[in-house]
Amino acid sequence: MASADRVNRVRAHLLAQLVCLGRHTVTGLLATNGQLQSDWSADYRLYSRHRIEPAELFSQVRRGVQQSLGTQEALTVAMDDSILRKSGRKIPGVGYRRDPLSPPFHVNLVRGMRFVQLSALSRQRDGFSRMIPIDFQQAPLPARPSPQASAEQQQAYKRALATANINCVGLERVATLRRQLDEDPCLPARHLRVVVDGRFTNAKLLKNLPPKTTLIGRIRRDAKLFWLPQGQAATGRKRLYGQAAPTPQELLSDPGVEYQLLQAQLGARSCQFRVKLLGPLRALQAGGNQNLQLLVIAPLGYRLRKGSKLLYRQPAFLICTDPELDPQSLLQSYLWRWDIEINFRDQKTLLGIGEAQVRNPHSVQSQPAVAVAAYGLLLLAAAQANLQALSQPKWRPDSEPKRLSTASLINLLRHELWNASITKTFSHFSSDPGDDHNPLKPQPDLRSALFYAAA
651 MASADRVNRV RAHLLAQLVC LGRHTVTGLL ATNGQLQSDW SADYRLYSRH
701 RIEPAELFSQ VRRGVQQSLG TQEALTVAMD DSILRKSGRK IPGVGYRRDP
751 LSPPFHVNLV RGMRFVQLSA LSRQRDGFSR MIPIDFQQAP LPARPSPQAS
801 AEQQQAYKRA LATANINCVG LERVATLRRQ LDEDPCLPAR HLRVVVDGRF
851 TNAKLLKNLP PKTTLIGRIR RDAKLFWLPQ GQAATGRKRL YGQAAPTPQE
901 LLSDPGVEYQ LLQAQLGARS CQFRVKLLGP LRALQAGGNQ NLQLLVIAPL
951 GYRLRKGSKL LYRQPAFLIC TDPELDPQSL LQSYLWRWDI EINFRDQKTL
1001 LGIGEAQVRN PHSVQSQPAV AVAAYGLLLL AAAQANLQAL SQPKWRPDSE
1051 PKRLSTASLI NLLRHELWNA SITKTFSHFS SDPGDDHNPL KPQPDLRSAL
1101 FYAAA
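Per this note's numbering: the sequence shown ends with 1105, consecutive numbering throughout.
Next up, the structure:
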C-alpha cells in the first residue's frame, strides 16, 4: 500500500474513531467513512500487519504537551492501569481480572484486557489544565501451563509472570518516557514528575526510578517510616535508617504538629487544604539511599447541597522522592492526577475503546492504542485552540466559565465535519475524480454513519 494511501487511511480511522455514532468497531469506523461497500481488508491490515505505529502518534501528542509548559517546568505525568472488558476466550491477553468497581466487602472478577496509561498535564489557553494521554500499553499475563507441564515449563511460567507484573510494565513505560525526553531532537529535555496511586507506590518503582524523575504516590496510613541516621559507628556496616518516625496516621492525629494552609486548584474551583509536612525521611520500600518527604492532607469538608450537613472525605497520605519539592507543587500535582480517571471514563463511554472485535495479537494492542491516540489529539487540539461550546438551552445558564467536556469537543468536531452536509449544498455540480488523481483527504460520511448507528 502506498504511503499516501496509508496516511489517508490512518487519518480516516482517527476521525471516525471520534465521530462514530454507533459501536466503535472496525466495521463502525468503515461505516462512518462511507466504506461499507469497499474492500475492508486493507483497513484490518493496518493493525494486524503492524502498519501503523501508535508510538509515533503519541510522540506528536507529547511534543504538543511539552510546548504548552514553561521553560523550566517539569512534565507532570499521571500513570494508572485500566481494564477493557472482553467476553471472547480466543483474544490474546484476555483473562479474569479483579473488578475495580466491586464493593470492598465482595470482590468481583471480570474478563478483560489490562492496559497501562500515561497522561501528561497540558496548560490550556482558557486557564484550565487537562491530562492528555501520551502512552497506552497492554499488560497481558502469560498463559498458565497445564498441571501436566514439565518442571522447566513451570519455571518458565513463573519467570514470565514476574516480568509481566503490572509494576514492571509501569516502570518500563516510565523508563521509555524518560528516554524519549532525553533523546528527542526537537525539544530540550526536562524533569519528569510521575504521580501514581497506591498500586504503584512500591519498591519496584521507588528503587528503580530513572534519573531526573520524581515520583509522588499514596501510601498506607500505617506505613513504617524512619528518620535519617544521626551518626555512623566506627566499625561495622553503614547505617541507612535512623529512629522510627511517626506513621502517617500518627502525624495526622498529633496535636503538636500544626496544619499548614495551602490553596490549590481542584477542578474548576480553588480550595483550601490543611496539610502537615514531615521530612526528610526514609522507607524500606524506597531503599536506604532515597530521601523522601511525607505530606498528610486532612479530610476535606463538603456539602451535598446548600444548607445540608457537613460531610468529610477520607484523608490522603503522600510521599515524594524529592525532599526539596515545595508542598504547593506536591499537592497540586496530586490533585491533577484525578484527570486520568476522567480519561478512562471518556475513553470507555464516549469513544468505545475496546469495542473493536479483533483477535490478531498486533491488532489487540494497536487498535485500542490508536483510538486512545485519537482521543489525545482531540484534547491537544482543544488545549491549543480557543474554543467555545455550541449554544446551550436558555434554561441552563452557566454563570462561571467551565472547561469543555469531551462530549462538547466531539460535538464541535461533528459540527465542523457535517455542517455542510446537513445544510443545502451544491453537490450535484461535482464530478468524480479520475483514477490518476491523488487521493482526497478523507471525510466521514454522514449518511453512512447515521444508517449504521440506526441499524
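Glycine included, each C-beta is placed from N, C-alpha and C at the ideal position.
Keep in mind that this is a model prediction, so the values were computed, not measured.
Between the alpha carbons of L719 and R887 lies a gap of roughly 45 angstroms. Excluding the 5 residues flanking it on each side, Q803 has same chain C-beta neighbours closer than 7 angstroms at P795, in chain order.
Under DSSP, Q788 takes part in a beta bridge, and its partners are F765. Comparing alpha carbon positions, the residue from S653, R1097, I784, E908 closest to A1019 is I784.
Secondary structure note for C670: it is in no alpha helix (DSSP H), with a DSSP letter that is neither H nor E. Separation of A705 and G1026 (C-alpha to C-alpha, rounded to the nearest whole angstrom) is 12 angstroms. In the three-state DSSP reduction, A1023 falls in the helix class (H, G or I). Excluding sequence positions up to five before and after R868, its CB lies within less than 7 angstroms of the CB of D847, G848, T851, A966, F967, L968, all in the same chain and listed in chain order. Ranking H841, N815, P860 by CA distance to the CA of A825 puts P860 first. Spatial neighbours of D749 in its own chain (CB-CB distance under 6 angstroms, excluding positions within 5 residues in sequence) are listed in chain order as N758, V760. Inside the segment 772 to 836, DSSP marks whole beta strand (DSSP E) runs of 3 or more residues at positions 779 to 788, from first to last along the chain. Counting only the Cα atoms, Q882 lies some 33 angstroms from V844. The straight-line gap separating the alpha-carbon atoms of R699 and V1014 is approximately 12 angstroms.
With respect to D1095, T682 sits close: the two C-beta atoms are nearer than 8 angstroms. Per DSSP, reduced to three states, the secondary structure at N993 is helical.
In the three-state reduction of the DSSP assignment, S653 falls in the helix class. With contact defined as three or more Cβ pairs closer than 8 angstroms, the segment 817 to 837 and the segment 734 to 748 are not in contact. Sequence-distant partners of Q982 (beyond 5 residues in either direction) whose C-beta falls short of 6 angstroms from its own C-beta, in its chain, are A914.
With a 10 Å radius around the Cβ and a threshold of 16 neighbouring Cβ atoms, D731 comes out buried. Pairing R764 with A789 gives a Cβ-Cβ distance under 8 angstroms. For the options T721, R809, C970, the alpha carbon positioned closest to that of A933 is the one of C970.
One thing to note: L1063 has its Cβ within 8 angstroms of the Cβ of L668. For K926, the enclosing beta strand (DSSP E) starts and ends at 919 to 933. Classified as buried, K926 has 16 or more neighbouring CB atoms from the shown chains inside 10 Å of its CB. The beta-bridge partner set that DSSP reports for L961 consists of Y952. Under the criterion of beta carbons closer than 8 angstroms, M781 and N993 qualify as touching, at roughly 6 angstroms. Distance between L821 and S688, taken at the CA atoms: about 43 angstroms.
Annotation for Y984: the continuous alpha helix (DSSP H) segment containing it runs 977 to 986. Annotation: R659 to L791 spans about 32 angstroms, alpha carbon to alpha carbon.
Judged by their CB atoms, K874 and T897 are nearer to each other than the 8 angstroms cut-off.
Take N941, set aside five residues on each side of it, and the residues of its chain with a beta-carbon closer than 6 angstroms to its own are P930, P973, in chain order. Relative to D834, the option among Q910, L916, G714, Y952 whose CA is nearest is G714. By the C-beta density criterion, T999 is exposed, having fewer than 16 other C-beta atoms within 10 angstroms. Between L707 and D693, the CB-CB gap reaches or exceeds 8 angstroms.
Beyond the five residues adjoining it in sequence on each side, L1100 comes within less than 8 angstroms, by CB distance, of L671 in the same chain, given in chain order. Excluding five sequence positions before and after W986, the CB atoms of its chain that fall closer than 8 angstroms to its own CB belong to T726, A728, L771, S779, M781, V845, given in chain order.
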